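What follows is a short report on a single structure.
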Amino acid sequence: MWFAAAITLFAVMIAIAEVPLLVKNGLKKELWVFLITLLLGTGLSIAEGLRLQIPNPLDAAAFVLKPFSKLLSGILK
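When the sequence shown is numbered by the numbering used here, its final residue is 98 and no position is left out of the sequence of numbers.
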């Protein structure tokens, strides 16, 4: 469980370094994107450290595009 604390500590250190600059420059949209990305990355890193099964995004893309591939394959034959 120490790795979760270490990952969280690193994420907080990154946020402490970056957030004030974004706020100072008035970059609100970039701040939101940064925070969401940092939160997702931290969560995935902790899940990986806990050895949880994380689905592969390419599997989802293959599932969505498989019917289109079959359609094109049928048309081109």
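For each residue, glycine too, the CB sits at the ideal point set by N, CA and C. None of the values given here were measured: they were computed from a predicted structure.
- Leu56 is the residue among Val44, Leu56, Ser90, Lys45 whose C-alpha sits nearest the C-alpha of Ile35.
- Take Gly70, set aside five residues on each side of it, and the residues of its chain with a beta-carbon closer than 8 angstroms to its own are Phe24, Ala25, Ile28, in chain order.
- Between the beta-carbon of Ala32 and that of Leu52 there is about 15 angstroms, and that puts the pair past the 8 angstroms contact cut.
- Membership of Ile57 in the alpha helix (DSSP H) is indicated by the continuous run 49-70.
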